[in-house]
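The numbering of the sequence shown is UniProt numbering, which starts it at 1 and goes up by one.
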Amino acid sequence: MNTIQQLLLEFCQLNELPELNFEDNERCQLLVDDRYMLYFIATDTDDLMLSVTFGGIEKSGEQRLKGLELLAHANYQGIGSGSLALALAPNGRQLVLAGRKPVEHLNTTNLTAWFHEVIEQTELWQARFAMLDQAIPTTPNHEQAHVQSLRV
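Structure (C-alpha coordinates):
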(Lines of atoms letter the chains of each structure in order from A and count residues from 1; the text may use other names and numbers.)
(Lines give C-alpha, C1' and ligand atoms only; values in the text may rest on other atoms or scores of the structure.)
Protein backbone atom coordinates (compact mmCIF):
# COMPACT_ATOMS: atom_id res chain seq x y z
CA MET A 1 0.00 0.00 0.00
CA ASN A 2 3.02 2.31 -0.08
CA THR A 3 2.16 3.43 -3.61
CA ILE A 4 -1.36 4.43 -2.62
CA GLN A 5 -0.13 6.04 0.59
CA GLN A 6 2.52 8.02 -1.30
CA LEU A 7 -0.07 9.17 -3.84
CA LEU A 8 -2.33 10.31 -1.02
CA LEU A 9 0.48 12.23 0.69
CA GLU A 10 1.41 14.00 -2.55
CA PHE A 11 -2.28 14.77 -3.17
CA CYS A 12 -2.51 16.37 0.28
CA GLN A 13 0.62 18.44 -0.31
CA LEU A 14 -0.57 19.64 -3.72
CA ASN A 15 -3.96 20.66 -2.35
CA GLU A 16 -2.63 22.06 0.94
CA LEU A 17 -4.63 19.56 2.98
CA PRO A 18 -3.66 17.98 6.28
CA GLU A 19 -1.63 14.80 5.90
CA LEU A 20 -3.86 11.76 5.52
CA ASN A 21 -2.68 8.27 6.41
CA PHE A 22 -4.44 4.99 5.81
CA GLU A 23 -5.41 3.25 9.04
CA ASP A 24 -5.29 -0.51 9.65
CA ASN A 25 -8.55 -0.94 7.77
CA GLU A 26 -6.92 0.75 4.74
CA ARG A 27 -9.22 3.78 5.03
CA CYS A 28 -8.85 7.39 5.92
CA GLN A 29 -11.30 10.25 5.88
CA LEU A 30 -11.39 13.93 5.09
CA LEU A 31 -14.11 16.38 6.10
CA VAL A 32 -14.77 18.55 3.05
CA ASP A 33 -16.20 22.05 3.51
CA ASP A 34 -17.52 21.02 6.94
CA ARG A 35 -20.27 19.19 5.04
CA TYR A 36 -19.13 15.89 3.57
CA MET A 37 -17.08 13.07 5.02
CA LEU A 38 -15.06 11.73 2.11
CA TYR A 39 -13.44 8.32 2.54
CA PHE A 40 -10.29 7.24 0.73
CA ILE A 41 -10.22 3.44 0.65
CA ALA A 42 -7.28 1.32 -0.50
CA THR A 43 -8.41 -2.03 -1.87
CA ASP A 44 -6.60 -5.36 -1.96
CA THR A 45 -6.33 -5.05 -5.74
CA ASP A 46 -4.40 -1.75 -5.70
CA ASP A 47 -7.43 0.34 -6.50
CA LEU A 48 -8.39 3.54 -4.75
CA MET A 49 -12.00 4.18 -3.88
CA LEU A 50 -13.49 7.55 -3.04
CA SER A 51 -16.78 7.36 -1.18
CA VAL A 52 -19.01 9.98 0.39
CA THR A 53 -22.29 9.63 2.27
CA PHE A 54 -24.42 12.68 1.64
CA GLY A 55 -27.96 12.13 2.82
CA GLY A 56 -30.70 9.65 3.18
CA ILE A 57 -34.06 8.58 1.85
CA GLU A 58 -37.24 7.73 3.66
CA LYS A 59 -37.69 4.32 5.19
CA SER A 60 -40.90 3.70 3.26
CA GLY A 61 -43.61 5.43 1.28
CA GLU A 62 -43.82 7.44 -1.92
CA GLN A 63 -40.71 9.52 -1.21
CA ARG A 64 -38.65 6.34 -0.87
CA LEU A 65 -40.03 5.02 -4.15
CA LYS A 66 -39.17 8.30 -5.89
CA GLY A 67 -35.68 8.20 -4.36
CA LEU A 68 -35.07 4.63 -5.51
CA GLU A 69 -36.32 5.49 -8.99
CA LEU A 70 -33.99 8.49 -9.16
CA LEU A 71 -31.10 6.32 -8.01
CA ALA A 72 -31.82 3.73 -10.69
CA HIS A 73 -32.08 6.35 -13.43
CA ALA A 74 -28.82 7.96 -12.31
CA ASN A 75 -26.93 4.70 -12.64
CA TYR A 76 -28.40 3.59 -15.96
CA GLN A 77 -25.33 3.51 -18.22
CA GLY A 78 -23.80 6.24 -16.06
CA ILE A 79 -26.14 8.84 -17.58
CA GLY A 80 -26.60 10.72 -14.34
CA SER A 81 -23.55 9.80 -12.33
CA GLY A 82 -20.76 9.54 -14.88
CA SER A 83 -17.95 7.30 -13.70
CA LEU A 84 -19.38 7.22 -10.18
CA ALA A 85 -21.95 4.92 -8.65
CA LEU A 86 -24.88 6.26 -6.70
CA ALA A 87 -26.03 3.73 -4.14
CA LEU A 88 -27.68 3.02 -0.83
CA ALA A 89 -25.53 2.05 2.11
CA PRO A 90 -26.18 -1.41 3.57
CA ASN A 91 -28.60 0.13 6.09
CA GLY A 92 -30.89 0.90 3.12
CA ARG A 93 -31.31 4.58 3.97
CA GLN A 94 -28.05 6.48 3.49
CA LEU A 95 -27.14 7.72 0.02
CA VAL A 96 -23.57 7.09 -1.08
CA LEU A 97 -21.64 8.31 -4.09
CA ALA A 98 -18.53 6.28 -4.84
CA GLY A 99 -15.93 5.61 -7.47
CA ARG A 100 -13.03 3.23 -7.91
CA LYS A 101 -9.89 3.57 -10.00
CA PRO A 102 -6.67 1.57 -10.37
CA VAL A 103 -3.78 3.35 -8.65
CA GLU A 104 -1.60 2.76 -11.72
CA HIS A 105 -3.87 5.19 -13.60
CA LEU A 106 -3.74 7.89 -10.93
CA ASN A 107 -1.36 10.73 -10.25
CA THR A 108 -1.78 13.79 -8.06
CA THR A 109 -3.28 15.85 -10.88
CA ASN A 110 -5.99 13.43 -11.97
CA LEU A 111 -6.66 12.39 -8.35
CA THR A 112 -7.30 16.07 -7.61
CA ALA A 113 -9.65 16.32 -10.59
CA TRP A 114 -11.45 13.14 -9.50
CA PHE A 115 -11.73 14.45 -5.93
CA HIS A 116 -13.37 17.65 -7.21
CA GLU A 117 -15.69 15.64 -9.47
CA VAL A 118 -16.85 13.54 -6.51
CA ILE A 119 -17.56 16.62 -4.40
CA GLU A 120 -19.31 18.43 -7.25
CA GLN A 121 -21.48 15.40 -8.03
CA THR A 122 -22.23 14.99 -4.31
CA GLU A 123 -23.50 18.57 -4.13
CA LEU A 124 -25.63 18.09 -7.24
CA TRP A 125 -27.13 14.80 -6.06
CA GLN A 126 -27.78 16.11 -2.57
CA ALA A 127 -29.73 19.01 -4.10
CA ARG A 128 -31.61 16.68 -6.45
CA PHE A 129 -32.64 14.31 -3.66
CA ALA A 130 -33.73 17.30 -1.57
CA MET A 131 -36.21 18.17 -4.35
CA LEU A 132 -37.86 14.75 -4.57
CA ASP A 133 -41.20 16.17 -3.47
CA GLN A 134 -41.22 18.55 -6.45
CA ALA A 135 -42.53 17.48 -9.85
CA ILE A 136 -39.17 17.42 -11.64
CA PRO A 137 -38.42 14.64 -14.16
CA THR A 138 -36.05 12.05 -12.69
CA THR A 139 -33.59 12.50 -15.55
CA PRO A 140 -33.35 14.60 -18.67
CA ASN A 141 -34.45 12.84 -21.83
CA HIS A 142 -31.12 11.24 -22.67
CA GLU A 143 -32.77 8.35 -24.46
CA GLN A 144 -32.96 10.34 -27.68
CA ALA A 145 -29.25 11.16 -27.45
CA HIS A 146 -28.20 7.53 -27.85
CA VAL A 147 -31.19 5.87 -29.53
CA GLN A 148 -32.07 6.59 -33.14
CA SER A 149 -35.01 5.35 -35.09
CA LEU A 150 -34.41 3.05 -38.02
CA ARG A 151 -36.60 3.84 -41.00
CA VAL A 152 -37.11 1.19 -43.58
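Where a beta carbon is used, it is the ideal one built from N, C-alpha and C, also for glycine. Computed from a predicted model, the values in this text were never measured in an experiment.
- Taking the C-beta atoms as reference points, D44 is found no nearer than 7 Å to V103.
- By the neighbour-count criterion, in which 16 or more other beta carbons inside 10 Å mark a residue as buried, A74 falls on the buried side.
- Of all C-beta pairs linking the stretch 56-64 to the stretch 112-121, fewer than three are shorter than 8 Å, placing the two stretches out of contact.
- Residue burial is scored here from C-beta neighbours: A72 has fewer than 16 other C-beta atoms within 10 angstroms and is therefore classed as exposed.
- In this structure, the beta-carbon distance from A42 to E26 falls below 7 Å.
- DSSP places G55 in the strand class (E or B) of the three-state scheme.
- Within 10 angstroms of the beta-carbon of L31 lie fewer than 16 other beta-carbons, which makes it exposed.
- Within a 10 Å sphere around the beta-carbon of G92 sit fewer than 16 other beta-carbons, which makes this residue exposed.
- Excluding its 5 nearest sequence neighbours in each direction, S83 has C-beta neighbours in its own chain below 7 Å: G99, listed in chain order.
- As far as DSSP is concerned, K66 takes part in no beta bridge.
- In this chain, the alpha helix (DSSP H) harbouring R128 covers T108 to A130.
- Within the model, the alpha-carbon separation for C12 versus T112 is close to 9 Å.
- Judged by DSSP secondary structure, Y39 falls within the beta strand (DSSP E) whose first and last residues are Y36 to A42.
- Annotation: L132 to K59 spans about 14 Å, alpha carbon to alpha carbon.
- With contacts defined as CB atoms closer than 7 Å, I4 and L38 fail to qualify as a contacting pair.
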